[in-house]
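*Asks:* Our numbering puts the sequence shown at residues 68 to 312. Quick one: this structure, given as structure tokens, is what I'll be asking you about.
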Amino acid sequence: MKKNRLAVLVIIALFVAVRAHAADRPNILWVVSEDNSHHWLGCYGNEQVRTPNIDQLAAEGVRYEFAYSNAPVCAVARSTLITGRYACSIGTQNMRSRYPIPSDIHTFVSYLRDSGYYCVNRSKTDYNFKTDDKSHWDDSSNKAHWKNRPEGKPFFAVFNSGISHESSLFENKKESARKNGLIPETPRQDPASVTLPPFLPDTPEIRDDWVTYLDIVAAMDKQIGDWLAELDDAGLRENTIVIYY
68 MKKNRLAVLV IIALFVAVRA HAADRPNILW VVSEDNSHHW LGCYGNEQVR
118 TPNIDQLAAE GVRYEFAYSN APVCAVARST LITGRYACSI GTQNMRSRYP
168 IPSDIHTFVS YLRDSGYYCV NRSKTDYNFK TDDKSHWDDS SNKAHWKNRP
218 EGKPFFAVFN SGISHESSLF ENKKESARKN GLIPETPRQD PASVTLPPFL
268 PDTPEIRDDW VTYLDIVAAM DKQIGDWLAE LDDAGLRENT IVIYY
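Take a look at the structure:
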């Protein structure tokens, strides 16, 4: 009888410990900006760009100086990120192939959901294999947000900024960004003042694109700052791991 009581007490203690551990699990905010290399950020030495929010994040956290993507093109790389596998090992190495992957391969998001995390994607999928991309998430849309999670659940949220996408330098996109106030009508930097990398032709058009992209990156940084401010407003900054790349 005493042994049975002891067993029950141990089970109850373990249950309470697990529940307490679940309540203490950190939230995770995974912030992605598109197509800007590290040299466009102030925290990596760029003195002409304005990225105070990312710079502060780097100053308060861990800044990596060496990184490697085993897949150098967008959707293929995302297939490796979501599965943790080399593209050539699951048949996703060809861009836009959308072939099925082995049935025993699961996304890391599925493991987080199984562990009780509320997982949202706002909103970049395109995983390059045959699947309903959005089905891997509790919500995947432009309206997806960690604020919509059930009470008491930790969250894993991917927030994707497309502001810095390479297409932002298309003439129609630049014109639209200026019209909407995303970037200033006149670039903050004088095109003649910037130093171009040696692999680019030194032309007025390239210089104009260069200084325009500095403003685009600044706009991207502001968006990320707004996302971080939401954590502060909700009192969640100290219990949230923020990853930016």
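Ideal Cβ placement from N, Cα and C applies to all residues, glycine included. It should be emphasised that the depicted structure is a prediction, and the values quoted were computed from it without experimental measurement.
For the beta strand (DSSP E) containing C186, list its first residue and its last residue.
*Replies:* Under the DSSP assignment, C186 falls in the beta strand (DSSP E) whose first and last residues are 185 to 189.
*Asks:* So for T307, helix, strand or coil by DSSP?
*Replies:* strand
*Asks:* What are the boundary residues of the beta strand (DSSP E) that includes S228?
*Replies:* Going by DSSP, S228 is part of the beta strand (DSSP E) stretching over 222 to 228.
*Asks:* What residue from N161, T262, I121 has the CA that sits closest to V129's CA?
*Replies:* For V129, the closest of N161, T262, I121 by C-alpha to C-alpha distance is I121.
*Asks:* According to DSSP, is V140 helix, strand or coil?
*Replies:* coil
*Asks:* Three-state secondary structure (DSSP) at D171?
*Replies:* Looking at D171 - three-state DSSP - the assignment turns out to be coil, as it is neither helix nor strand.
*Asks:* Under a three-way DSSP split, which group does L249 fall into?
*Replies:* coil
*Asks:* First and last residue of the alpha helix (DSSP H) that includes V284?
*Replies:* 271 to 300
*Asks:* Run the CB neighbour count on G109, radius 10 Å, all protein chains shown included, and call it buried at 16 or more, exposed below.
*Replies:* buried
*Asks:* Rounding to the nearest angstrom, what Cα-Cα distance links Y153 and A259 in this structure?
*Replies:* 43 Å
*Asks:* Can you give me the Cβ contacts of V225 inside the same chain, cut-off strictly under 6 Å, excluding the 5 residues immediately before and after it?
*Replies:* W97, N188
*Asks:* Give me the residue from A211, R216, H106, I168 with the minimum Cα distance to D199.
*Replies:* Distance check between D199 and each of A211, R216, H106, I168 places I168 closest, using alpha-carbon atoms only.
*Asks:* Per DSSP, which one or two residues make a beta bridge with W97?
*Replies:* V225, I310
*Asks:* Taking the alpha-carbon positions, what's the K241 to D275 distance?
*Replies:* In a straight line, the C-alpha of K241 is about 11 Å away from that of D275.
*Asks:* Where do the N-terminal and C-terminal ends of the alpha helix (DSSP H) with S156 fall, by residue?
*Replies:* Element bounds for S156: 154 to 157.
*Asks:* Quick one: what's Y178 bridged to in DSSP?
*Replies:* DSSP lists no partner for Y178.
*Asks:* Is DSSP giving D193 helix, strand or coil here?
*Replies:* D193 falls in the coil class under three-state DSSP.
*Asks:* Does DSSP put Y111 in a helix, in a strand, or in coil?
*Replies:* helix
*Asks:* Measuring alpha carbon to alpha carbon, tell me which of P268, S156, W213, I291 ends up nearest S228.
*Replies:* I291
*Asks:* Put S104 into one of helix, strand or coil per three-state DSSP.
*Replies:* If DSSP states are grouped into helix, strand and coil, S104 belongs with coil.
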